[in-house]
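Residue numbers (the working numbering): 10 to 211. A virtual CB, placed ideally from N, CA and C, is assigned to each residue, including glycine. These notes concern the structure reproduced below.
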Amino acid sequence: MKKLTILVGVLFVLGSFGSAAAIDRTGTFSVGGHCGYSFGFGDTFEKYEISGYELGLGSWSANYQNKVTYSFWGNVKYGLNPNWALMASIDYQAGDVEASANIGSLGGSIGDSYHWTSALANVVVTLSPEKHTCPYFTFGGGMYFNDDYSEPGINLGGGIEHFVQDNLALDMGTRYHMIFTESNNTNYLNIYGGINYYFGVK
Numbered sequence: 010m011k012k013l014t015i016l017v018g019v020l021f022v023l024g025s026f027g028s029a030a031a032i033d034r035t036g037t038f039s040v041g042g043h044c045g046y047s048f049g050f051g052d053t054f055e056k057y058e059i060s061g062y063e064l065g066l067g068s069w070s071a072n073y074q075n076k077v078t079y080s081f082w083g084n085v086k087y088g089l090n091p092n093w094a095l096m097a098s099i100d101y102q103a104g105d106v107e108a109s110a111n112i113g114s115l116g117g118s119i120g121d122s123y124h125w126t127s128a129l130a131n132v133v134v135t136l137s138p139e140k141h142t143c144p145y146f147t148f149g150g151g152m153y154f155n156d157d158y159s160e161p162g163i164n165l166g167g168g169i170e171h172f173v174q175d176n177l178a179l180d181m182g183t184r185y186h187m188i189f190t191e192s193n194n195t196n197y198l199n200i201y202g203g204i205n206y207y208f209g210v211k
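So this is what it looks like as structure tokens:
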């Protein structure tokens, strides 16, 4: 019953904005801000173990695993026509390194952090620009930077924009990133939500 009440409330909120006019994105700019959570895939995020022997300490071993967590990104978008737009974005992915170590009979956990920052150029294709709720998909590429190196990569995904006003839209979606690192398979899936503000809406 509680879930049903929440669902009805969400539908009421969305329906209350149904009078917003559909916009023409041609020749207009928008800026947006988003946050989300990411899940890593590939060799970079596999758990691995290193071990050795130190005089006076004996044998030791440590297990490591990289994880991608919270993300923040901003974008600027330019409408080529009602359906197609170009988008540039700066994307920050926060990461953690989880590790556990054993030295002789002693054990413990240690941690570290790392991050990915990317500069991306994407194409955005809106499927229903005449409606207030607009599904879209996006694809593109750019450069990905972390603490040690920078590599090219690509991304693709999709989402939904819901216009609460003529120039303001809620944005939810997901993007899959593939980074072409030399020695590791580095991929992650980002789930996000945010807002886009449109200038010069017709």
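DSSP three-state label for residue i, please.
i	result
Phe189	coil
Thr135	strand
Thr147	strand
Thr35	coil
Among the residues of its own chain, which have a CB less than 7 angstroms from the CB of residue i, if the five just before and after it don't count?
i	result
Met152	Ser127, Ala128, Ser159, Pro161
Asp105	Lys76, Thr78, Gly120, Ser122
Val17	Per-residue confidence for Val17 stands at a pLDDT of 38, beneath the threshold of 50, marking its modelled position as unreliable; no derived number is given.
Val210	Ile32, Thr37, Asp175, Asn176
Let me know if residue i comes out buried or exposed under the rule of 16 or more other beta-carbons within 10 Å of its beta-carbon.
i	result
Tyr57	exposed
Val85	exposed
Ala130	exposed
Asp157	exposed
Glu139	exposed
Phe172	buried
Glu191	exposed
In this structure, what does DSSP give as the bridge partners for residue i?
i	result
Val85	Val40, Ala97
Asn72	Glu58, Ser109
Phe48	Leu198
Phe172	Ala178
Gly209	Per DSSP, none; premise fails for Gly209.
Pro161	Met152
Thr126	Tyr101, Phe154
Leaving aside the five residues before and after residue i along the sequence, list all residues of the same chain whose C-beta is less than 6 angstroms from its C-beta, in chain order.
i	result
Gly51	Asn194, Thr195, Asn196
Phe81	Cys44, Tyr101
Asn90	Thr35
Ile188	Tyr153, Glu160, Gly162, Thr195
Ser53	The sequence as given places Thr at residue 53; Ser does not occur at that position. Same-chain partners within the cutoff: Asn75, Asn193, Thr195.
For residue i and residue j, which I take to be in contact (beta-carbon distance under 8 angstroms), what is that distance rounded to the nearest angstrom?
i	j	result
Ala94	Val133	4 angstroms
Leu198	Ser47	6 angstroms
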